[in-house]
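Peer 1: Using full-length UniProt numbering, read the sequence shown as starting at 1 and increasing by one per residue.
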Amino acid sequence: MKDDNIRAALLMMAGTGAYTVNDVFVKLLGDQLPMFQIIVLRGVFVTLFFGALVWRARAGFAGLERRDRWLVLARSTSEALAAWFFLTALLNMPIANVTAILQVLPLSVALAAFLFLREPLGWRRLSAIMVGFGGVMLIVRPGAEGFNIFAVYAIIAVVLITMRDLTTRMMSRSVPSVLVAFSASVGVTGFGVLGSMTEAWVMPSGAGLLWLAGAVLTLIGGYLMTIMAMRVGELTFAAPFRYAALLVALILGWLVFAEWPDSLTLTGAAIVVATGVYTLYRERVLRQRMRRKLPGQTP
1 MKDDNIRAAL LMMAGTGAYT VNDVFVKLLG DQLPMFQIIV LRGVFVTLFF
51 GALVWRARAG FAGLERRDRW LVLARSTSEA LAAWFFLTAL LNMPIANVTA
101 ILQVLPLSVA LAAFLFLREP LGWRRLSAIM VGFGGVMLIV RPGAEGFNIF
151 AVYAIIAVVL ITMRDLTTRM MSRSVPSVLV AFSASVGVTG FGVLGSMTEA
201 WVMPSGAGLL WLAGAVLTLI GGYLMTIMAM RVGELTFAAP FRYAALLVAL
251 ILGWLVFAEW PDSLTLTGAA IVVATGVYTL YRERVLRQRM RRKLPGQTP
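Below you can see the structure in the form of structure tokens.
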């Protein structure tokens, strides 16, 4: 189990790092192509990949219950809207700032699950969540000089991704994860097609084609590695290593875009990460206690 957890942690870091590298490629593409064109071009290849996996697994919507079909639709809609808000923020903000705001997701999901799904949430984790949201405010700094309205877009993306994750938790366990991923990809790509009708398409340069290929490969690689991380070891052990994405964003933002966050942003990011890690740690402790209480389990 120890070796499995180490592998899971490494896969989680690699997977979230791949997602961040994907963001770098998309941000580079943003200087050449309209945003909806990026969504469509990237989405077509990703959809074909997931479509092949769905075909291989013989997964389909016909076997889903009506409730699950509606949940898959709701999840795909949330994913599509979140993609627009997130990419708009990414193309107009330093990558480290956007990534730092998104690190509040474990906190927002835990709070939303408590409010809407009646999942337990103790005072320690609730306090950590409130402190974490305070860290986000240090990053966004509404009303302060230099406030970036696109930071609000990043927060809206967090809300939508939280809704996406809640609908995922509400689905039956029998719903294939690859079918959910395929549906989300179709939804995002379809949304991009509609949006691209309002934009003039542009022929990418040779470098742009390489960046597009990199965006497709890193997005697929990130998905596969994070899924493997969840299956190889304990999720509560591997989950905190997702914050490696922020370190990758800081380094790549400095190397590729010559961006470096100010001290308040770094402080806010550190608070978000610390409270997120603590929340995941408390969840791990509570799950271990519950397992010990089960009959037949050794303490």
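Quick reminder that beta carbons are idealized off the backbone N, C-alpha and C, glycines included.
May I have a chain-ordered list of the alpha helix (DSSP H) segments no shorter than 4 residues that lie completely inside the stretch 87-162?
Peer 2: 95-102, 105-116, 123-140
Peer 1: For a quick check, are the C-beta atoms of arginine 7 and valine 248 less than 8 angstroms apart?
Peer 2: As a first step, residue 7 must be located in the sequence shown, where it is residue number 7. As a first step, residue 248 must be located in the sequence shown, where it is residue number 248. The beta carbons of arginine 7 and valine 248 sit no closer together than 8 angstroms.
Peer 1: Let me see if you follow: with CB-CB separation under 8 angstroms, is isoleucine 227 close to chain D or not?
Peer 2: Protein chain content of the structure displayed is limited to a single chain, and chain D is not contained in it.
Peer 1: Quick one: give me the first and last residue of the alpha helix (DSSP H) that phenylalanine 257 is part of.
Peer 2: Locating residue 257 in the sequence shown gives position 257, counting from the first residue. Per DSSP, phenylalanine 257 belongs to the alpha helix (DSSP H) from 244-257.
Peer 1: Find out if the Cβ-Cβ distance for the pair threonine 226, glycine 43 is shorter than 8 angstroms.
Peer 2: Sequence index remark: in the sequence shown, residue 226 carries index 226 (1-based). Sequence index remark: in the sequence shown, residue 43 carries index 43 (1-based). The answer is no: Cβ separation not under 8 angstroms.
Peer 1: Could you spell out the range, first to last residue, of the alpha helix (DSSP H) harbouring leucine 53?
Peer 2: The residue you call residue 53 lines up with position 53 of the sequence shown. That run of the alpha helix (DSSP H) goes 35-57.
Peer 1: Suppose contacts are defined by Cβ-Cβ distances below 8 angstroms. Is phenylalanine 114 in contact with leucine 160 by that definition?
Peer 2: Locating residue 114 in the sequence shown gives position 114, counting from the first residue. Locating residue 160 in the sequence shown gives position 160, counting from the first residue. Taking 8 angstroms as the Cβ cut-off, phenylalanine 114 and leucine 160 do not qualify as a contacting pair.
Peer 1: Using the C-alpha atoms, what's the distance from leucine 255 back to alanine 128?
Peer 2: In the sequence shown, residue 128 corresponds to position 128, counting from 1. In the sequence shown, residue 255 corresponds to position 255, counting from 1. Roughly 32 angstroms separates the two Cα atoms.
Peer 1: Apply the 10 Å Cβ neighbour rule to glutamate 65 and answer buried if 16 or more other Cβ atoms are within range, or exposed otherwise.
Peer 2: As a first step, residue 65 is located in the sequence shown; it is residue number 65 there, counting from the start. Exposed, by the Cβ-count rule.
Peer 1: Indicate the three-state DSSP secondary structure (helix, strand or coil) for threonine 298 in the structure shown.
Peer 2: Here residue 298 refers to the residue found at position 298 of the sequence shown. Bear in mind that the predicted position of threonine 298 carries a pLDDT of just 39, short of 50, making it too unreliable to give a figure here.
Peer 1: Leaving aside the five residues before and after alanine 83 along the sequence, list all residues of the same chain whose C-beta is less than 6 angstroms from its C-beta, in chain order.
Peer 2: Stepping through the sequence shown from its first residue, residue 83 is reached at position 83. Hits under 6 angstroms: Val188.
Peer 1: I think isoleucine 101 touches lysine 27, with their Cβ atoms under 8 angstroms apart; what is that distance to the nearest whole Å?
Peer 2: Residue numbering aside, residue 101 sits at position 101 when the sequence shown is read from its first letter. Residue numbering aside, residue 27 sits at position 27 when the sequence shown is read from its first letter. 15 angstroms between Cβ atoms; not a contact.
Peer 1: Taking the alpha carbon of alanine 258 as the reference point, which residue from Thr47, Val24, Gly192 has its own alpha carbon closest?
Peer 2: Position 258 of the sequence shown holds residue 258. Comparing Cα-Cα distances from alanine 258 to each of Thr47, Val24, Gly192, the minimum goes to Val24.
Peer 1: Output the boundary residues of the alpha helix (DSSP H) element that contains valine 193.
Peer 2: As a working mapping, residue 193 is identified with position 193 in the sequence shown. Element bounds for valine 193: 177-196.
Peer 1: Would you tell me roughly how many angstroms separate the C-alpha atoms of alanine 239 and valine 40, rounded to the nearest one?
Peer 2: Here residue 239 is taken as the residue at index 239 of the sequence shown, counted from 1. Here residue 40 is taken as the residue at index 40 of the sequence shown, counted from 1. Distance between the alpha carbons of alanine 239 and valine 40: 30 angstroms.
Peer 1: Going along the chain, which residues of its own chain have a beta-carbon closer than 8 angstroms to the beta-carbon of arginine 218, five neighbours each way excluded?
Peer 2: Counting from 1 along the sequence shown, the entry for residue 218 is found at position 218. A quick correction: the sequence has threonine, not arginine, at residue 218. Scanning its chain for C-beta atoms nearer than 8 angstroms, with the 5 sequence neighbours on each side dropped, one finds around threonine 218 the residues Ala18, Tyr19, Val21, Asn22, Phe25, in chain order.
Peer 1: Can at least three beta-carbon pairs, one atom from the stretch 118-134 and one from the stretch 51-66, be found at a separation below 8 angstroms?
Peer 2: no
Peer 1: Out of Pro106, Ser172, Ala52, Ser177, which has the shortest C-alpha to C-alpha gap to methionine 163?
Peer 2: By 1-based counting over the sequence shown, the position of residue 163 is 163. When each option's Cα is compared against that of methionine 163, the closest is Pro106.
Peer 1: Can you tell me whether methionine 93 is buried or exposed? The criterion is at least 16 other CB atoms within 10 Å of its CB, across all chains shown.
Peer 2: In the sequence shown, counting from the first residue as 1, residue 93 sits at position 93. Methionine 93 comes out buried.
Peer 1: Quick one, which of Val131, Leu33, Ile139, Pro120 has its alpha-carbon nearest aspartate 262's?
Peer 2: Indexing the sequence shown from 1 puts residue 262 at position 262. With distances taken between Cα atoms, aspartate 262 lies closest to Ile139.
Peer 1: On the CB-based measure, 16 or more other CB atoms within 10 Å of its CB, does glycine 276 come out buried or exposed?
Peer 2: One-based indexing of the sequence shown puts residue 276 at position 276. Taking all protein chains in view, the Cβ of glycine 276 is crowded by 16 or more other Cβ atoms within 10 Å, so the residue is classified as buried.
Peer 1: For alanine 200, does the three-state DSSP call read helix, strand or coil?
Peer 2: The residue labelled residue 200 in the question sits at position 200 within the sequence shown. In the structure shown, alanine 200 sits in coil (DSSP, three-state: anything other than H, G, I, E or B).
Peer 1: Excluding the 5 residues preceding and the 5 following leucine 260 in the sequence, name in chain order all residues of the same chain whose CB lies nearer than 6 angstroms to its CB.
Peer 2: As a position in the sequence shown, residue 260 is number 260, starting the count at 1. The identity of residue 260 in the sequence shown is tryptophan, whereas the question assumes leucine. Same-chain partners within the cutoff: Trp254.
Peer 1: At the level of alpha carbons, what is the spacing between arginine 289 and phenylalanine 237?
Peer 2: Working through the sequence shown from its first residue, we reach residue 289 at position 289. Working through the sequence shown from its first residue, we reach residue 237 at position 237. Answer to the nearest angstrom: the Cα atoms are 15 angstroms apart.
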